[in-house]
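Engineer:
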Amino acid sequence: MSRHGLAAFALPVVVILVVLAGFLGTWAFLAGHLTAWSDEIGHMAVAKGILLTGRPRLAVFDRCAELTPIENWRGYEVSWLTARAYQTFGESLTAARLVPLVFTLATWGVYVIYAVWREKAPARQVAFATVLFFGQSLVLEKALYVRVYAPALTLLLVSLIALWEGLRAWRGGRTGPAVLWFAAAAAAILYPTLRGWHPLILATFVLAVACLWLHGHGRVAAIAQAARRTLDVMPVALRYLALAVAVYAVLSTGAVTARLMDLVANRLVGVQRVHAIYWDNLLGLVRFGVVLNVLLLVWLWKPPRSDAPPRLDFHSWLLATGVLSGLLTGLFMNHNFVFYGRFFYLAAGLVVLGASRRLAAVPAARAVPLVVVFLAINVAASAANFYYDRSNIREAIAWLQRNTGPRDVVFAFNAELYVHGGSDLCARSIPIIRRVEGPPVVMRGYQWMRRPANVRPYLTRDEMKEVLRSHSAANLYFLYTDHYQVRDRLFKWMTGRNRTIRLDMFGTLKDGDVGEEILPGLRGAGLKRLDRARLLKELEERDYL
Numbered sequence: 014m015s016r017h018g019l020a021a022f023a024l025p026v027v028v029i030l031v032v033l034a035g036f037l038g039t040w041a042f043l044a045g046h047l048t049a050w051s052d053e054i055g056h057m058a059v060a061k062g063i064l065l066t067g068r069p070r071l072a073v074f075d076r077c078a079e080l081t082p083i084e085n086w087r088g089y090e091v092s093w094l095t096a097r098a099y100q101t102f103g104e105s106l107t108a109a110r111l112v113p114l115v116f117t118l119a120t121w122g123v124y125v126i127y128a129v130w131r132e133k134a135p136a137r138q139v140a141f142a143t144v145l146f147f148g149q150s151l152v153l154e155k156a157l158y159v160r161v162y163a164p165a166l167t168l169l170l171v172s173l174i175a176l177w178e179g180l181r182a183w184r185g186g187r188t189g190p191a192v193l194w195f196a197a198a199a200a201a202i203l204y205p206t207l208r209g210w211h212p213l214i215l216a217t218f219v220l221a222v223a224c225l226w227l228h229g230h231g232r233v234a235a236i237a238q239a240a241r242r243t244l245d246v247m248p249v250a251l252r253y254l255a256l257a258v259a260v261y262a263v264l265s266t267g268a269v270t271a272r273l274m275d276l277v278a279n280r281l282v283g284v285q286r287v288h289a290i291y292w293d294n295l296l297g298l299v300r301f302g303v304v305l306n307v308l309l310l311v312w313l314w315k316p317p318r319s320d321a322p323p324r325l326d327f328h329s330w331l332l333a334t335g336v337l338s339g340l341l342t343g344l345f346m347n348h349n350f351v352f353y354g355r356f357f358y359l360a361a362g363l364v365v366l367g368a369s370r371r372l373a374a375v376p377a378a379r380a381v382p383l384v385v386v387f388l389a390i391n392v393a394a395s396a397a398n399f400y401y402d403r404s405n406i407r408e409a410i411a412w413l414q415r416n417t418g419p420r421d422v423v424f425a426f427n428a429e430l431y432v433h434g435g436s437d438l439c440a441r442s443i444p445i446i447r448r449v450e451g452p453p454v455v456m457r458g459y460q461w462m463r464r465p466a467n468v469r470p471y472l473t474r475d476e477m478k479e480v481l482r483s484h485s486a487a488n489l490y491f492l493y494t495d496h497y498q499v500r501d502r503l504f505k506w507m508t509g510r511n512r513t514i515r516l517d518m519f520g521t522l523k524d525g526d527v528g529e530e531i532l533p534g535l536r537g538a539g540l541k542r543l544d545r546a547r548l549l550k551e552l553e554e555r556d557y558l
């Protein structure tokens, strides 16, 4: 290898190693510092139950580590791996979050192996893919999120690779290998689907198949070729205008599509209503577009003109599937978590991997500045997300440990105390969720999408009165997490109205005039000192579900 060739190979390798080191260092710092989302705590609770009983019995939700008669099989694989991590490294947030980290690295590894082995990707392209993938804010966030999203992207990528290879073998007349590849694609996509991980995995795969079919359709290919020719001769200013019109059209349509999906899903198949509103999907779509700003170069850069029909290669297929799935997610996802962008994770992963080949062909003078901007925007997006999406409830727990005595009562979700360093408070805290009794409740598959069985309701009015009577001399506190705090504040700022009114015990303690906030600077959480007389009055005057 010549000196020039050696330099061309060595520089990308250095970039890859630096990016990996930076990502792992950032992950290691954040893994132990970020508080857990309630969904993460669910998997950790199941992992605890697996360690204690060998079954996915929920723990920590009632009285610290007390088991409940609920078996939760949703994402069981993640819970099982979390239990194994606990066995090996001890019970901690960092140990639990090793599970999504491993799958995040596995996704990158699968892509690199395939791109180099089969697509003959040069080192420069692999370096671009590494920077875009690990520099993408959603990738970092899901590597710190103990749920099915990181494993889902791994299996989705495997299924798409297998499908692509199956088609390549089929077109080459190699029927046997094609059947094996198709079987591998089906296994990789059906396993998480049949296990009830999330319907978005199958939906994205179906969209990828639709993209292949549309490209093979002669009329669609002709339209794509005509569009490409138009873009080749279109001035940059007009490209910006066309992009702005397309974005505006999507955002305008999103005002009705999410609500329509909510109603149809509820009335036709019984999926629980989640009452998503326009602001959720609007903000989710904006974030999807902003953190994927690298697409601007793909949109604006004019490749050398060619009259050859547009060819759908593997990377273009990933890119198209990612963009379309992201837009459709924003338009039709009827879930209010879209504000935080987690449902855009699969789309974002496919986009950045698919864009790497196109960017590798762009002159460095144009590509490098955009990548720098891409990284800066993603760092800002992750910083904002981690600041607002992750509570600082530990400060409230520390305050309670310093300022309360053994006779005081803390109403809380004890899982938060157990996970975030307040296990010593559990003995004198009272969960606002009732103790689960009766025969075991087994949650399998997609039962989580149905109307929830009322197996764990909040304390009733009479039960709360009995608690107050039996602790007549105690100081009363209410500790809670509020993952929708920023979303609710934005909604009220934009509309002047409250987004939701909860007619249950949680809503009474959180929003009722029953006490004063002690630490008003808390984010995504709250701590109130309750006034006994005002609470009793509120209990008498408020309706309850």
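Residues 14 to 558, numbered by the working numbering, are exactly what the sequence shown covers, in order.
Glycine residues also receive a C-beta, built at the ideal position from the N, C-alpha and C atoms.
(1) Tell whether a beta-carbon distance below 8 angstroms holds between Ala156 and Trp292.
(2) Taking the C-alpha atoms as reference points, what is the distance between Pro533 and Ala34?
(3) Just confirm the distance between the C-beta atoms of Arg536 and Ala487, as a whole number of angstroms; I'd bet it's less than 8 angstroms.
(4) How many whole angstroms separate the CB atoms of Gly209 and Arg87, which I take to be in contact at a CB cut-off of 8 angstroms?
(5) Kindly indicate which three-state DSSP category Phe426 falls into: helix, strand or coil?
(6) Give the DSSP-derived three-state secondary structure of Pro190 in the structure shown.
(7) Please report how far the alpha carbon of Asp437 lies from the alpha carbon of Ala98, in whole angstroms.
(8) Name the one or two DSSP bridge partners that Ala538 has.
(9) Measuring alpha carbon to alpha carbon, tell me which of Leu281, Leu207, Leu340 ends up nearest Ala262.
(10) Taking only three categories from DSSP, how would you classify Ile83?
(11) Unbroken beta strand (DSSP E) runs of length 3 or more, entirely within the stretch 374 to 432: which are they?
(12) Going by Cα to Cα distance, which pick from Ala538, Thr217, Ala409, Arg510 is closest to His496?
(13) Spatial neighbours of Arg403 within its chain, please: C-beta separation below 7 angstroms, excluding the five flanking residues on both sides.
(14) Return the CA-CA distance between Phe147 and Glu53, expressed in angstroms with no decimal places.
(15) Between which two residues does the beta strand (DSSP E) harbouring Glu529 extend?
(16) Skipping 5 residues on each side, what residues in its chain have a beta carbon closer than 6 angstroms to that of Lys541?
(17) Starting from Ser329, follow the alpha helix (DSSP H) in both directions and report where the run begins and ends.
(18) Give me the DSSP bridge partner(s) of Met456.
(19) Spell out a yes or no on whether the stretch 112 to 126 and the stretch 268 to 275 are touching, meaning 3 or more CB-CB pairs, one atom from each, closer than 8 angstroms.
(20) Please name the residue, chosen from Tyr493, Leu213, Trp330, Leu548, that lies closest to Val222 on a Cα-to-Cα basis.
(21) Do Val365 and Leu145 have their C-beta atoms within less than 8 angstroms of each other?
(22) Is Leu472 helix, strand or coil when you go by DSSP?
(23) In or out: Ile83 buried (at least 16 other Cβ within 10 Å) or exposed?
(24) Nearest-angstrom Cα distance between Leu388 and Leu305?
(25) Using only CA atoms, which one of Val91, Leu94, Thr117, Ala165 lies nearest to Leu37?
(26) Could you tell me which residues DSSP puts in a beta bridge with Arg70?
(27) From Tyr493 to Trp50, what distance separates their C-alpha atoms?
(28) Mind checking whether Phe391 and Ser150 have CB atoms under 8 angstroms apart?
(29) With distances taken from CA atoms, which of Trp183, Gly45, Ile446 is nearest Phe195?
(30) From Leu71 to Leu481, what does the alpha carbon distance come to, in whole angstroms?
(31) At the level of alpha carbons, what is the spacing between Ile29 and Ser395?
(32) Identify the residues that DSSP records as bridge partners of Ser172: which are they?
Structural biologist: On the basis of the coordinates in this document:
(1) no
(2) 38 angstroms
(3) Not confirmed; about 28 angstroms, so no contact.
(4) 6 angstroms
(5) coil
(6) helix
(7) 24 angstroms
(8) Thr494
(9) Leu340
(10) strand
(11) 422 to 425
(12) Ala538
(13) Leu47, Thr48, Gly537
(14) 22 angstroms
(15) 528 to 530
(16) Phe491, Gly528, Glu530
(17) 327 to 345
(18) Asn85
(19) no
(20) Trp330
(21) yes
(22) coil
(23) buried
(24) 10 angstroms
(25) Thr117
(26) Glu84
(27) 12 angstroms
(28) The question names Phe, but residue 391 in the sequence shown is Asn. Yes, Cβ-Cβ distance for Asn391 and Ser150 is below 8 angstroms.
(29) Trp183
(30) 28 angstroms
(31) 21 angstroms
(32) DSSP lists no partner for Ser172.
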